[in-house]
């Protein structure tokens, strides 16, 4: 997703708000997180945060140093639910977080799927 804001926004705060919205919705639905990673990337910098349970705190591996007006957002989520519910949870959280921060989205691409069970070759 491409993020654009008229006034530069704090990517670290935006990611935190987005993750908290996702986490809250999943808690309300009693759905556990296996791993949630969110990246906000510019040409010069990036922020990366992760969450491994609805009961954990958000962990920033890297915070962005300056506020930004334009950035790419990547959300990678492994969550124990159906692809449709996952899509709804993430899209709703993104809409709320963008609205709060006056951020517009474009170049939106979503892929939600449930991988097949692995079939080990030698067992």
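Residue numbers (my numbering): 18 to 140.
Cβ atoms here follow ideal geometry from the backbone N, Cα and C, with glycine treated the same way.
All figures in this text were calculated on a predicted structure; none of them were measured in a lab.
For this session: Report the rounded CA-to-CA distance for residue 24 versus residue 102, giving the unit in angstroms.
Result: 32 Å
Exercise. Just curious, the alpha helix (DSSP H) that residue 21 is in, first and last residue?
Worked result: Careful: residue 21 lies outside any alpha helix (DSSP H), inside the beta strand (DSSP E) at 19-26.
Exercise. So does the stretch 118-126 actually touch the stretch 21-36, counting three or more Cβ pairs closer than 8 Å?
Worked result: yes
Problem set entry | For residue 64, the residue or residues it bridges with in DSSP | 57
Problem set entry | DSSP state of residue 138 mapped onto helix, strand, coil | coil
Exercise. Nearest CA to the CA of residue 126: which residue from 46, 79, 27 and 91?
Worked result: 91
For this session: Output the residue ranges of the alpha helix (DSSP H) runs that lie fully inside the stretch 94-138 and measure 4 residues or longer, sorted by chain position.
Result: 100-117
Problem set entry | Under the three-state DSSP convention, the category residue 78 falls into | strand
For this session: State yes or no: is the C-beta of residue 29 within less than 8 Å of the C-beta of residue 64?
Result: yes
Exercise. Can you round the beta-carbon distance between residue 49 and residue 70 to whole angstroms, since I take them to be within the 8 Å contact cut?
Worked result: 7 Å
Problem set entry | Identity of the residue in 56, 78, 44 and 93 nearest residue 72 by Cα | 44
For this session: Return the Cβ separation of residue 35 and residue 58 in integer angstroms, given the expectation that the two are a contact with Cβ distance under 8 Å.
Result: Wrong, their Cβ atoms sit about 14 Å apart, outside the cutoff.
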